[in-house]
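One point on numbering: in my numbering, the residue at position 158 of the sequence shown is 158, and numbering is uninterrupted.
Even glycine gets a Cβ: it sits at the ideal position worked out from N, Cα and C.
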Amino acid sequence: MFRLSNNIPVKIVLVCICSALIISCQFIDLRPIAYRSKPDSQNIVLESLDTPVSVEFETEMKQEELEKILSVLVDKADVEGELRWAGNTVYFYPLGGWEPGTVYTLKLEGTIYAKDGREDTASLAINFFALSSGAAPYIVHFSPYDGESVGVSPETGGKLHLVFSKEMDKRSVEDECSIDGVSDKQFNWISGSQLEISSAHQLNAWTTYKWTLGKNAKSIEGIPITKIYSAQWTTDIDRILPRVKRVYPMLKSRKLNDSYNWIDTGAPIESGLGHEQGIGIEFTKDMDEKSAFSSVHIEPALSGRLESLSPKTIIFIPDKNPETGKTYRLTVSGDAKDRFGLKINNETTIVFIADIPFLKINSMRFNDISEKLFESDIKNRSFIQTKVIPASRELFVSINFSLPFTPKSMLEKPLQISLEPLFPGTLSPVSLIDIHWDSDFILNYTWAGLMPGDPPSPHYYKLIIPGGEAGITNGSGSYLQESISIFIEAAAQ
């Protein structure tokens, strides 16, 4: 229905007066201008978010003047929109659509003018909603609180917890929530109104994270939140930096089930690293394994692998023994991080020499017990004369080493020692007829086929004992520092 702008009795009086004036004067029209609005009563809910509101007049109006006093308000602020006329009806279309659950007011207040010469005073204020008249959602509680110190993991507070006033549209909340520096957010809805947001990876230590929830986050009714929310937290609750507690030699210990573990030898790393031992590195805090591994460097380069023995301890296992007598430098860089991301910052350096002595020959005995070479005489290109019985033409050599050999080395290494004819070139090759060990220190050889010489025409043979890591080794990491060749003059008895 059309409504009049003043009370009915007054209108009746005015109509009478206007009629009299029209009859007497023929040019003053005081009739009221009737109009009606859509919605036409308070708190109507529009059926969609783009349904326009309108005011329809009984006659053709002066549009420009009327548009000056027609508005739509929300919280006393003008809503942006477009006015369109269709005959005597003016429509208001909101820019971007209405927001559900928001109270809007259609207002027409002031003097209105009809094209037939009439004017009137309008007073219209209609409250309405779009799609839903429910209250807008808001955040009741969030944690960490703004500026709080937390840890780097969800268990230590490094996650965002939001509690809303009502059930939310999950997709819109997830799309509108951002955390600076976190691109791999994980959403865990505890209920329709409670949400936890964490990172798929551990957060960085001593870093500020700011979160924002945009205003397009909506309730399940489609009503957006009342404002943009934002706060921040800092991952600095852990302020104790990790450090290297100690570096030490470790020995592999085999268990009954054929597995093994590593035990502390108790020796100092500077001079106590032995054969087939690893280097244990113990930290004061649980470490990030990848970071701890990448922080370990050894110079000169020593190939090997790193393993984790516990959250605090890693071990470097060399592929082979460090070279005997060589000085090595082990460094743990300051970039090593604990499991919360805190760096050591200070570099740790250890200088060490492997405790693996060179293998030496204490003495060598030849055919006659009196024919001996001792350690001070046993050098490369040493010389000795020994008596050879022409009938048997055999040479017996007994080598007394400075260190014991392992059973495996006692089987493998003797064949590396050889005897070759040297001078004259007409000497025939010799044959090895016996090898045996008197103990794990003493190795005995017997060769046959030697040809003894005489003073005018001496005969020489060369005993070759290979050195270095590929030569004679005792199976416990010790080897001759260099190869040794002994020149033997085979003299007749």
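Coil, strand or helix - residue i by DSSP
i: M364; result: strand
i: S409; result: helix
i: Q416; result: helix
i: P500; result: Residue coverage of the chain in this structure runs from 1 to 493, which leaves residue 500 outside it and unanswerable.
i: P154; result: helix
i: L21; result: Confidence in L21 is poor, its pLDDT being 45 and thus under 50, which makes the residue's placement unreliable; the coordinate value appears in the next sentence. Correct three-state label for L21: helix.
i: A114; result: strand
i: N127; result: strand
i: V103; result: coil
i: S230; result: strand
i: G475; result: coil
i: S198; result: strand
i: V430; result: coil
i: R84; result: strand
i: T324; result: coil
i: L450; result: coil
i: E307; result: strand
i: D264; result: strand
Segment limits, beta strand (DSSP E) that includes residue i
i: K170; result: From DSSP, K170 is part of no beta strand (DSSP E) but of the alpha helix (DSSP H) over K170 to E176.
i: Q385; result: S382 to V388
i: E221; result: Note, E221: premise wrong, no beta strand (DSSP E); not H, not E.
i: H459; result: It is not in any beta strand (DSSP E) - H459 carries neither H nor E in the DSSP assignment.
i: P357; result: No beta strand (DSSP E) holds P357; DSSP gives it neither H nor E.
i: Y35; result: Y35 to K38
i: I314; result: T313 to P318
i: F500; result: The requested residue 500 does not occur in the structure, where the chain is confined to residues 1 to 493.
i: E276; result: Element bounds for E276: n/a, residue is neither H nor E.
i: F187; result: K185 to S191
i: Y93; result: T89 to P94
i: Y209; result: T208 to L213
i: A491; result: I484 to A492
Proximal residues to residue i (C-beta, below 7 Å), its chain only, five neighbours per side dropped
i: L427; result: P421, M451 and H459
i: I384; result: F366, E371, L373, I486 and I488
i: W189; result: K170 and L195
i: P414; result: I435 and L443
i: S24; result: Per-residue confidence for S24 stands at a pLDDT of 46, beneath the threshold of 50, marking its modelled position as unreliable; no derived number is given.
Residue closest to residue i, alpha-carbon to alpha-carbon, out of the options
i: E221; options: P137, I240 and S291; result: P137
i: N216; options: P100, R118, W233 and G274; result: P100
i: S457; options: F187, K227, A491 and L83; result: A491
i: Q232; options: D116, L403, F142 and S398; result: F142
i: V79; options: V53, E60, P154 and M61; result: V53
i: A470; options: E412, F57, D440 and R381; result: E412
i: S308; options: S409, F293, W211 and Q186; result: F293
i: V430; options: I378, K408 and S418; result: S418
i: C172; options: P322, E282, E289 and S219; result: It is Ser, not Cys, that sits at residue 172 in the sequence shown. S172 has its Cα closest to that of S219, out of P322, E282, E289 and S219.
i: G151; options: V103, L203, D184 and E394; result: L203
i: I350; options: K285, P311 and I279; result: I279
i: N380; options: A77, Q42 and I465; result: I465
Enclosing alpha helix (DSSP H) for residue i [first to last residue]
i: S291; result: E289 to S294
i: Q63; result: Q63 to E67
Same chain, Cβ closer than 8 Å to residue i, neighbours up to 5 away in sequence not counted
i: P300; result: K326 and Y328
i: I139; result: L162, V163, F164, S165, L213, I225 and Y229
i: T324; result: A354, I356, P357, F358, G477, S478, Y479 and Q481
i: S253; result: Y260, N261, W262 and I263
i: Y91; result: P52, V53, S54, L83, R84 and W85
i: E347; result: T331, V332, S333 and G334
Own chain residues within Cβ distance below 6 Å of residue i, not counting five before or after
i: G304; result: F316, I317, P318 and D319
i: S291; result: A336 and K337
i: D236; result: S149 and W206
i: L432; result: W447
i: F423; result: Y460
i: E174; result: F187
Mind the definition here: the segment 57–74 touches the segment 99–114 only if three or more C-beta pairs lie below 8 Å; say whether that holds.
They touch, by the three-pair rule.
Decide if the segment 146–155 is in contact with the segment 170–185; the criterion is three or more beta carbon pairs, one per stretch, under 8 Å apart.
By the Cβ criterion, the segment 146–155 is not in contact with the segment 170–185, since fewer than three pairs of Cβ atoms, one from each stretch, lie closer than 8 Å.
Are the segment 122–135 and the segment 38–53 touching by the rule of at least three beta carbon pairs closer than 8 Å?
As far as the Cβ criterion goes, the segment 122–135 touches the segment 38–53, which means the pair count is three or higher.
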